[in-house]
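Below: the structure, in structure tokens.
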Amino acid sequence: MPGEQGGESGPLQFACFGLGRQHFGIDVRSVRQIVRASATTPLPAAPPLIEGILELESGVLPVADLGRVLGLDPVRDPDGARIAVVESDGLAFGLRVERAEDVLTVDASELEAPPALAARLGYDVLRAVVQRPEADPLLVIALDALVRRIGASRAEPVEEVAS
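The opening residue of the sequence shown carries number 263 in this note's numbering; numbering runs sequentially from there.
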């Protein structure tokens, strides 16, 4: 069902990021900024997919490695990576990616539904696919589903020590 993703029409813009040979897109309206990656501070009792927190001028943000969240390899060069500061439903967080690529403008009619098998296998973070004639497909991420996946990775409850 091309062009029927979320009932959108007209031009859409996606901030594009790379992980290995794959290319991912996030609605540019959800991307606040992209910064050079730096070390994060571990956050005790955080969900396992949160690698830590990062202090920026805009405040302290939790950071997740997009590769790990998607079940792929973690970012290979954490020092050369970027962090995309994104917002979903009022929640701001950072996504560590290997590289920031560009902003792609496409017509909503170019969005293709993700393969049905992807949803059945639990790959619900994929919102759409954009076929590009001169490049690999762009996999468009549904940030709300990504947030749910991160939250669902909650750490096991800490057992109290008997005294």
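Note that the Cβ used here is the ideal one computed from N, Cα and C, for glycine as well. Being a predicted model, the structure only gives us computed values, none of them experimental.
Between which two residues does the beta strand (DSSP E) harbouring residue 314 extend? 312-318
Could you tell me which of 274, 279, 333, 355 sits nearest to residue 398, measuring between CA atoms? 279
My assumption, with CB atoms under 8 Å, is that residue 338 sits in contact with residue 360. Please give the rounded CB distance. 6 Å
Kindly confirm or deny that the region 376-395 and the region 348-358 touch, where touching means at least three C-beta pairs closer than 8 Å. no
CB contact flag (residue 366, residue 400, <8 Å): yes
Leaving aside the five residues before and after residue 364 along the sequence, list all residues of the same chain whose C-beta is less than 6 Å from its C-beta, in chain order. 278
Expected contact under 8 Å - CB spacing of residue 297 and residue 344 to nearest Å: 7 Å
Please determine, among 409, 414, 336, 372, the residue with the shortest C-alpha to C-alpha distance to residue 292. 409
Kindly identify the DSSP beta-bridge partner or partners of residue 349. 354
Give the DSSP bridge partners of residue 374, in chain order. 391
Please classify residue 324 as buried or exposed, where buried requires at least 16 other C-beta atoms within 10 Å of its C-beta. buried
Buried or exposed by the 16-neighbour rule on C-beta atoms within 10 Å, applied to residue 372: buried
Within a Cβ cutoff of 7 Å, which residues of the same chain sit near residue 263, ignoring the five residues on either side of it in sequence? Only weak support exists for where residue 263 lies, its pLDDT of 38 falling under 50; the value from the coordinates is given anyway. 375, listed in sequence order.
Using the DSSP secondary-structure output, state which residues sit across from residue 273 in a beta bridge. 369
Using a Cβ-Cβ cut-off of 6 Å (strictly less than) and excluding sequence neighbours within five positions of residue 266, which residues of its own chain qualify? In this predicted model, residue 266 has a pLDDT of only 42, less than 50, meaning its place in the structure is not dependable enough to derive any value.
According to the Cβ coordinates, are residue 402 and residue 414 closer than 8 Å? no
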